[in-house]
């Protein structure tokens, strides 16, 4: 299976199984071999490469040295499934793990999945992750591709720009009347309750700085899911930044109003994916680029 | 501040700061004392209690022995803020951390936040967590309360039943025509693509067992966010279980149909919260019980 390569494929599979399952015993059960066989294979692989590959803990983790090998294991596994499919004429058991940031998953991304030829993919395995974590998941091979706001290529990956999401600052008319009316905006925003998605969500703070040129510290509610975030604004809990496509119907109908009209925050997005000659990954990349062209600003 | 108790409050605050910030140095910055003062306080507290309280690592973590103390620190902090507020006549700086399962956050829960008297809370800090993790967050004091499917009380917490969420199996009419029509349901469901929320989401599998009396292994797509999960079903990617209140309009309009009419899965939910004589927590509990009475089956 790995002819021509310098790494034993059984050892490689065993290494990936230990990391996936978290322990030598669980890997042994999955591979239907004895724990001592697992241990021997790992030791052989480690002495072959002259590196400790696994931190023996609960759970067992890859060392920094092991990460490149872990990605190799995932890449080989994808290419094997595709080769078998090409031989047999049908795709079986291919899971396609992809990380997507929350707002993209809640917005323009989903149609891309429908646009991948059905015969190519058995199962999409999406993860909702912010960009910091996506890079790590790409690096260690947990995901094959990611939508991320980070343009710096992860080693071994290609990067394609997707376009920009534009975020507008919005609140209900009642909220605006209660908290913002009749005084300068920069002053009002110092007291007006604000929503954030999580502690890493700096969109609201970026708008505050744009509008007020100061660092403000208003009361903050954290609502860590895109749908509930939008609904919490609609209920009047606070103001927050919502993607223009999502918020457009509410603005048009007057259910929401802009807090700082004419101000916005743009977030450029990127598609990072493994440099692999994989038909599935190429088809998904094409579909994601089409969905982004339809749903994002260029 | 902790008169009558056997633990020095400065030592307790320092311990909580180390866990919150992840290191002695960061705790020193937050508390505006020197790292060696942090170290001295922690050593004094550990020798006072005869237990190692902190695993010195990156990040620093509480030991099992330290967890009860961590919860004490959070509880004292809440009661202090409330006492100060009672004296000064206004609540300042109170963050109320609460864990909520994804479907509740996406459904009946949010109105409860609006129903807590505004003068009681400065900031809601919601976390979207599944029930396993919620118990841990309650135990170590990261959250004060949680909506969970787990009726077993976490030590030191009260449990109140909230009602049941009912999940129906749904798909688009086109999907049903393509995958389910013209053959026995149990046979069709073995091949028909199915959506799950994450690897712990057993709702679909529970319905499969109810309907087919067998363990099936259909193709599975993972869509880990409630809104996108519903939209992916609406796009025809697969069938899945959606909460009846969320899916009702789509069923009424014929945009979705039931996959296994007459079958459903009920999930009872519970409110777990610290046993504390706290006005804020009592007010939130009342509001959550009212929202549940309005939005859940009894």
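Chains as they are written, first to last, in UniProt numbering: chain A, 1 to 298; chain B, 1 to 298. Where a beta carbon is used, it is the ideal one built from N, C-alpha and C, also for glycine.
Original post:
Three or more beta-carbon pairs under 8 Å between the segment 226–234 of chain B and the segment 102–111 of chain B, yes or no?
Top reply: yes
Subject >> Same chain, Cβ closer than 6 Å to residue 62 (chain B), neighbours up to 5 away in sequence not counted >> reply: Correct list, in chain order: 19 and 70.
Subject >> For residue 95 (chain A), the first and last residue of its enclosing beta strand (DSSP E) >> reply: 95–100
Subject >> Per DSSP, cross-strand counterpart(s) of residue 266 (chain B) >> reply: According to DSSP, which records beta bridges pairwise, residue 266 (chain B) is partnered with B:166.
Original post:
Cβ of residue 223 (chain A) less than 7 Å from any chain B Cβ?
Top reply: yes
Original post:
Using CA coordinates, which residue listed in A:222, A:126 and A:187 is at the minimum distance from residue 213 (chain A)?
Top reply: A:187
Subject >> residue 237 (chain B) - DSSP class collapsed to helix/strand/coil >> reply: coil
Original post:
If you measure beta-carbon to beta-carbon, which residues of the segment 281–294 of chain B are closer than 9 Å to chain A?
Top reply: none
Subject >> Meets three-Cβ-pair contact criterion under 8 Å: the segment 264–277 of chain A and the segment 156–170 of chain A >> reply: yes
**OP:** Give the interface partners of residue 296 (chain B) over in chain A, defined as CB-CB distance under 7 Å, in chain order.
**Re:** Within chain A, no residue comes near residue 296 (chain B); the closest Cβ sits about 16 Å away, beyond 7 Å.
Original post:
What residues match up with residue 160 (chain B) in a beta bridge as DSSP calls it?
Top reply: B:271
Original post:
If you draw a straight line from the alpha carbon of residue 297 (chain B) to that of residue 238 (chain B), how long is it in whole angstroms?
Top reply: 27 Å
Original post:
Cα separation between residue 200 (chain A) and residue 21 (chain B)?
Top reply: Going from the Cα of residue 200 (chain A) to the Cα of residue 21 (chain B) covers about 15 Å.
**OP:** Could you check what DSSP says for residue 68 (chain B) in three-state terms: helix, strand or coil?
**Re:** Here residue 68 (chain B) carries a helix assignment [DSSP, helix/strand/coil].
**OP:** Please classify residue 248 (chain B): is it buried, with 16 or more other beta-carbons within 10 angstroms of its beta-carbon, or exposed?
**Re:** That one is exposed.
Original post:
Any residues in the segment 122–136 of chain A with a beta carbon nearer than 9 Å to a beta carbon of chain B? Which ones, in chain order?
Top reply: From the segment 122–136 of chain A, only 122, 123, 124, 125, 126, 127 and 128 have a Cβ closer than 9 Å to chain B.
Original post:
Applying a beta-carbon distance threshold of less than 9 Å, which residues of chain B neighbour residue 105 (chain A)?
Top reply: By Cβ distance, chain B contributes 223, 224, 225, 227 and 228.
Subject >> residue 7 (chain A) versus residue 45 (chain A): straight-line alpha-carbon distance, rounded >> reply: Each residue's alpha carbon lies about 8 Å from the other.
**OP:** Determine the DSSP secondary structure at residue 213 (chain B), reduced to helix, strand or coil.
**Re:** coil
Subject >> Sheet register partners of residue 145 (chain A) (DSSP bridge) >> reply: A:98 and A:273
Original post:
By how many angstroms is the C-alpha of residue 240 (chain A) removed from the C-alpha of residue 203 (chain A)?
Top reply: 8 Å
Original post:
Start and end of the alpha helix (DSSP H) containing residue 15 (chain A)?
Top reply: 9–21 is the extent of the alpha helix (DSSP H) around residue 15 (chain A).
**OP:** Under 7 Å between beta-carbons, which chain A residues line up against residue 220 (chain B)? List them in chain order, please.
**Re:** 123
Original post:
Between A:210, A:141 and A:115, which lies nearest to residue 378 (chain A) when the distance is taken from Cα to Cα?
Top reply: The requested residue 378 (chain A) is not part of the displayed model; chain A covers only 1 to 298.
Subject >> Assumed close pair residue 135 (chain B), residue 101 (chain B) - CB separation to whole angstroms, cut-off 8 Å >> reply: Actually they are not in contact, since the Cβ atoms of residue 135 (chain B) and residue 101 (chain B) sit about 12 Å apart, beyond 8 Å.
Subject >> Contact list for residue 114 (chain A) against chain B, beta-carbon separation under 8 Å >> reply: 235, 236 and 237
**OP:** Go to residue 181 (chain A), then tell me how far its beta strand (DSSP E) extends in each direction, as first and last residue.
**Re:** Residue 181 (chain A) -> no beta strand (DSSP E), and no H or E assigned at all.
Original post:
Under 7 Å Cβ-Cβ, which residues of chain A neighbour residue 231 (chain B)?
Top reply: Near residue 231 (chain B) (Cβ distances below 7 Å), the residues of chain A are 110.
**OP:** May I ask you to report which of helix, strand or coil DSSP gives residue 76 (chain B)?
**Re:** helix
Original post:
For residue 294 (chain B), does the count of other Cβ atoms within 10 angstroms reach 16, so buried, or fall short, so exposed?
Top reply: exposed
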